[in-house]
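In terms of the numbering used here, the sequence shown opens at residue 882 and continues consecutively.
Written out below as structure tokens is the structure these notes cover.
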Amino acid sequence: MMWSPPATLSLLLLCLLLGQAPLSRSQSPGTTKLRLVGPGSRPEEGRLEVLYQGQWGTVCDDDFALQEATVACRQLGFEGALTWAHSAKYGPGEGPIWLDNVRCVGTESSLGQCGSNGWGVSDCSHSEDVGVVCQPQRQRGYLSERVSNALGPQGRRLEEVRLKPILASAKRRSPVTEGAVEVKYEGHWRQVCDQGWTRNNSKVVCGMLGFPSEAPVNNHYYRKVWDSKMRDPRFRLKSLAQKNSFWIHRVNCLGTEPHIASCQVQVAPARGKLQPACLGGMHAVVSCVAGPRFRPLKAKPGRKESRAEEPRVRLRSGAQVGEGRVEVLKNRQWGTVCDHGWNLISASVVCRQLGFGSAREVLFGAQMGQGLGLIHMSEVRCKGSERTLSECPSLDGSPNGCQHENDAAVRCNVPNMGFQNQVRLAGGRNPEEGVVEVQVEVNGVRRWGTVCSDHWGLTEAMVTCRQLGLGFASHAIKDTWYWQGTAGAEEVVMSGVRCSGTELALQQCQRHGPVHCPHSTGRGSAGVSCTDSAPDLVMNAQLVQETAYLEDRPLSQLYCAHEENCLSKSADHMDWPYGHRRLLRFSSQIFNLGRADFRPKTGRHSWIWHQCHMHYHSIEVFTHYDLLTLNGSKVAEGHKASFCLEDTNCPAGMWLPVSISASCYSHHPSWGQVPLYMMQCRCKYNGHQVWLHNCHTGDSYRANAELSLEQEQRLRNNLI
882 MMWSPPATLS LLLLCLLLGQ APLSRSQSPG TTKLRLVGPG SRPEEGRLEV LYQGQWGTVC
942 DDDFALQEAT VACRQLGFEG ALTWAHSAKY GPGEGPIWLD NVRCVGTESS LGQCGSNGWG
1002 VSDCSHSEDV GVVCQPQRQR GYLSERVSNA LGPQGRRLEE VRLKPILASA KRRSPVTEGA
1062 VEVKYEGHWR QVCDQGWTRN NSKVVCGMLG FPSEAPVNNH YYRKVWDSKM RDPRFRLKSL
1122 AQKNSFWIHR VNCLGTEPHI ASCQVQVAPA RGKLQPACLG GMHAVVSCVA GPRFRPLKAK
1182 PGRKESRAEE PRVRLRSGAQ VGEGRVEVLK NRQWGTVCDH GWNLISASVV CRQLGFGSAR
1242 EVLFGAQMGQ GLGLIHMSEV RCKGSERTLS ECPSLDGSPN GCQHENDAAV RCNVPNMGFQ
1302 NQVRLAGGRN PEEGVVEVQV EVNGVRRWGT VCSDHWGLTE AMVTCRQLGL GFASHAIKDT
1362 WYWQGTAGAE EVVMSGVRCS GTELALQQCQ RHGPVHCPHS TGRGSAGVSC TDSAPDLVMN
1422 AQLVQETAYL EDRPLSQLYC AHEENCLSKS ADHMDWPYGH RRLLRFSSQI FNLGRADFRP
1482 KTGRHSWIWH QCHMHYHSIE VFTHYDLLTL NGSKVAEGHK ASFCLEDTNC PAGMWLPVSI
1542 SASCYSHHPS WGQVPLYMMQ CRCKYNGHQV WLHNCHTGDS YRANAELSLE QEQRLRNNLI
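Structure below.
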């Protein structure tokens, strides 16, 4: 229904501003001294192994009971133990049996504090290796589970993986998606034998390199290339291939592992160096499929492709690409995932669903900030082969004792695009700030230079900080004459930069063809200041919808609102103090979900005292509110300045500031994370009453729908 309100309609905002500060977290308990090993994808169960004198060994099941298992589970970061398993239920281990006849009281902080026969004193065999099953809930304060502390017995030897491109076309690609697999083993790179190589192996390798999936390879062609090099005396390949130190002999993965070291790996043949490794084979070749963000840009995506790129899961509040708090969309509402049972396998499903590789770290205890609203999932139990998180078994989070302080997060493996080497900061007081210098191609030659500061803003600064791996942008700086740049890189080589905010590098943003900058050097060079944490505002759309009402008020009572520009401009032309205004009024509740305080851009010396309402305005224009017809014509407007107000209500787990002077939470649209903040409502007006419905922030709808609205100039009026 088209709403055409009277010309006297204006907006008046009643604002409650809420700030939240992140909780300080203790370091995780000692998860490097113990580990759980064995078949299965659950990190809370397995054969118990102990690290002593630099070597992993097992624990005998003699005298082992629930209280010993509880001590072990707590040391591993879990809340407690459910049970234990005897007789090598999780398979026999290797190496020494470090502990036997372990006897704990139950209050010890580590298994090493319990009584035993002594280190290495045992009459057991590996058929008696004990296993434990811990409660899936992590202890409060437990930080994360990384690939490095979740690997199997090979974890300390297999370190990295890479693809060595063979074809000329593969060498030109960025990122490299196809080539021979090389594994770093005890500090040296080795190639992997292709005998017994499977697509599951390829999937694990691609996941480590930041790719969500693998593709078939033309092994017949690569065999021809291999054979030709073996016959050519100019290549050392034949002599190298005859050495066992050149090979990783055999790899066998299930396809769900987050790292190749979790697979069954045979470095050399079973009988040692007497039998040559990879006899008659060649190096394994892998082809990976890059996610949508890392593919070469196409002219215009088709309709089917754009629909496919609307995942029902997202990452929020992460400083880098591929990390953040996990949120899922159910019934048109975004909600979080509880960290109970959260592990690398389930997190890898999220990462691949979003177009990244496998997970390299899962985070517990809302380390990426607390979400709002519902907790959609808890006890997520993915097998690792699922295409989406919704396919994994799970429980509803809220009835299972989950709070937003348990919100789960993830850091995914992302491809190495090489963008970080094409930008740098110079002249700043610390490595996180300075003049932006970029590397571009000028007349076929790559050279370094500066960026013109015309149109330079927070969005462009945000892309720069992300490209540098420095997190969020706290300031976009246009005057950098006080920072000394790099000698020989003073010339402006990039101008007219316009970023949408989703780019991985400044080089992907729109910019001038021929450089055109009125300021050639010095004051015209763009600069940034980066930070690893930032605020993030979310408005309570439901509250706006529920509290909206109309009020007719005499002009004689609106002098303060008029002075502070809360009324539409048409109020300027009225016969004050006679007549009245019709006001659309509502309450607003704004949460800071980020990991940094939300503060005014200017210091207190610039705040303005307003006698009417007896408070300081820390930002003269904090929020714009426009009332539009369905065709986009503006029929009413209003805005609200921010003022200093102590927090009066915080969600569970958040603290209130001690004093107003120390914690002046006068918030402004989110510097660094959300340069444009928008909430939209549908309105109905019959001349006497108003109804607001379908109120939502940009989070509730498709990203491209929000972007199309932002691009309308008439709606771009709440930019700071």
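Built from N, CA and C at the ideal position, the CB exists for glycine as well.
Remember, predicted model here, so these are calculated numbers, not experimental data.
For I978, the enclosing beta strand (DSSP E) has its first and last residue at 978–980.
Listed in chain order, the non-local C-beta contacts of F1245 below 7 Å within the same chain comprise R1019, Y1023, L1024, S1025, D1220, W1223, A1289, local neighbours out to five positions each way being set aside. Inter-residue distance for F1092 and H1130 is about 24 Å (C-alpha atoms, whole angstroms).
Per DSSP, L1474 has no beta-bridge partner at all. Residue ranges of uninterrupted alpha helix (DSSP H) with 4 or more members are absent from the segment 1448–1521; none lies entirely inside it. For M1343, the enclosing alpha helix (DSSP H) begins and ends at 1339–1349.
Bridge pairing for L1306: V1317 [DSSP].
The DSSP-derived three-state label of S1437 is helix. Between the segment 1362–1371 and the segment 1319–1337 there are three or more inter-stretch CB-CB distances shorter than 8 Å, so the stretches are counted as touching. A direct Cα-to-Cα measurement between R1213 and E1444 gives close to 40 Å. Distance from the CA atom of H1491 to the CA atom of A1517, rounded to whole angstroms, is 24 Å.
In this structure, the beta-carbon distance from V1202 to L1349 does not fall below 9 Å.
Separation of Q1570 and Y1430 (C-alpha to C-alpha, rounded to the nearest whole angstrom) is 8 Å. In the DSSP annotation of this structure, the continuous segment of the beta strand (DSSP E) that includes M1258 starts and ends at 1256–1258. Taking a 10 Å sphere around the C-beta of D1456, we find fewer than 16 other C-beta atoms and assign the residue as exposed. Taken atom to atom, the span from the alpha-carbon of A1051 to that of C1263 is near 34 Å. In this structure, V1085 sits away from E1063, with a CB-CB distance that is not shorter than 9 Å. Among the bridge pairs identified by DSSP, S1410 is matched with E1314, H1356.
Linking L947 to V1013 through their CA atoms gives a straight-line distance of about 9 Å. The residue from C985, Y1506, S1523, Q1147 with its alpha-carbon nearest to that of R1485 is S1523. When rounded, the separation of the alpha-carbon atoms in V1194 and V1261 is 14 Å. Closest option to V1419, judged by alpha-carbon separation, among P1312, S968, G1254, N1281: G1254. From the listed residues E1341, A1370, N1421, the smallest Cα separation to T1383 is found for E1341. Note that the C-beta distance between L1511 and S1468 is not below 9 Å. Contact annotation: H1285 and A1228 have beta-carbon atoms that are not nearer than 9 Å. Here DSSP, grouped into helix, strand and coil, assigns D1288 to strand. Within the same chain, Cβ atoms closer than 7 Å to the Cβ of S968 are found at D942, S1008, E1009, the five residues on either side in sequence being excluded. L1385 carries a coil assignment under DSSP once its states are collapsed to helix, strand and coil.
Counting only the Cα atoms, P1017 lies some 52 Å from R1117. Bridge pairing for F959: R1019 [DSSP]. From the listed residues R1434, F1472, W1362, the smallest Cα separation to A1307 is found for W1362. For the set V1374, I1358, N1281, the Cα lying nearest the Cα of V1326 is the one of V1374. The beta carbon of E1204 sits closer than 6 Å to the beta carbons of R1292 from its chain, once the five residues preceding and following it are set aside; these are given in chain order.
The shortest C-alpha to C-alpha distance from K1119 to any of L1135, I978, I1141, G1161 is the one to G1161. Residue pairing by DSSP places C1219 opposite D1288 in a beta bridge. In its chain, beyond the 5 residues on either side, Y1440, C1441, E1444, E1445 have a beta carbon closer than 8 Å to the beta carbon of C1493.
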